[in-house]
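Asker:
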């Protein structure tokens, strides 16, 4: 097989493996990266490098692999944008965590968010009690959006990663 074509095929195989792995392990894993997760990502990138380029460690091989990854990502995003079934296959959907002050514990359990984390997300949005939440949603990107029943409450952007960092610094 042509060495360049070999890199293309290997890179595509690794790319689609990673897309499936992210889908299987879920958005929560990406929304709350800690030091161990960053190390894991670095090790995975190192592990799959050889799978993509094989014994070809040339500049040309690295550029071809990177180009294939960029192109594959571009094409997948286009398909996700145009086809709802592909979007559902690759991306998870948002989850309603709270509606009209009612918490859905079964959903919290499914998405691995504790009630303490939910309360902290609500407080981060400037809302004192969960009962004052009109809607709290775990978005597809792993962030939690919160809408208050109080029209005067300033709505803010919240990321689960912020909770983890605040806890870390508070406990030191």
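Residue numbers (this note's numbering): 48 to 219. C-beta atoms are modelled at their ideal positions from N, C-alpha and C, and glycine is treated no differently.
In this structure, does DSSP put residue 193 in helix, strand or coil?
Answerer: strand
Asker: Helix, strand or coil: which one does DSSP assign to residue 86?
Answerer: helix
Asker: If you compare alpha carbons, which of 158, 88 and 103 is closest to residue 188?
Answerer: Residue 188 has its Cα closest to that of 158, out of 158, 88 and 103.
Asker: Identify, in the order they occur along the chain, each residue of the same chain with its Cβ nearer than 6 Å to the Cβ of residue 143, setting aside the five sequence neighbours on each side.
Answerer: 184
Asker: Return the Cβ separation of residue 146 and residue 182 in integer angstroms, given the expectation that the two are a contact with Cβ distance under 8 Å.
Answerer: 6 Å
Asker: Starting from residue 115, trace the alpha helix (DSSP H) both ways and give me its first and last residue.
Answerer: 106-129
Asker: List the whole-angstrom C-beta distance separating residue 61 from residue 95, where the pair is believed to meet the contact cut-off of C-beta under 8 Å.
Answerer: 5 Å
Asker: In whole angstroms, what separates the C-alpha of residue 177 from that of residue 108?
Answerer: 53 Å
Asker: By the three-class DSSP mapping on this structure, what secondary structure does residue 179 have?
Answerer: helix
Asker: For the alpha helix (DSSP H) containing residue 169, list its first residue and its last residue.
Answerer: 162-171
Asker: Can you tell which of 100, 91, 120 and 132 has the C-alpha that lies nearest to the C-alpha of residue 55?
Answerer: 100
Asker: Could you tell me which of 186, 179 and 86 sits nearest to residue 196, measuring between CA atoms?
Answerer: Measuring from the Cα of residue 196, the nearest candidate turns out to be 179.
Asker: Residue 143 lies in the beta strand (DSSP E); which residues open and close that run?
Answerer: 142-146 is the extent of the beta strand (DSSP E) around residue 143.
Asker: So, under 8 Å CB-CB, residue 137 and residue 66 are touching, yes? Tell me the CB distance rounded to an integer number of Å.
Answerer: Yes, they are in contact, since the Cβ atoms of residue 137 and residue 66 sit about 6 Å apart, within 8 Å.
Asker: Output yes if chain D places a C-beta closer than 8 Å to the C-beta of residue 51; else output no.
Answerer: Of the chains in the structure shown, none is chain D; there is only one protein chain.
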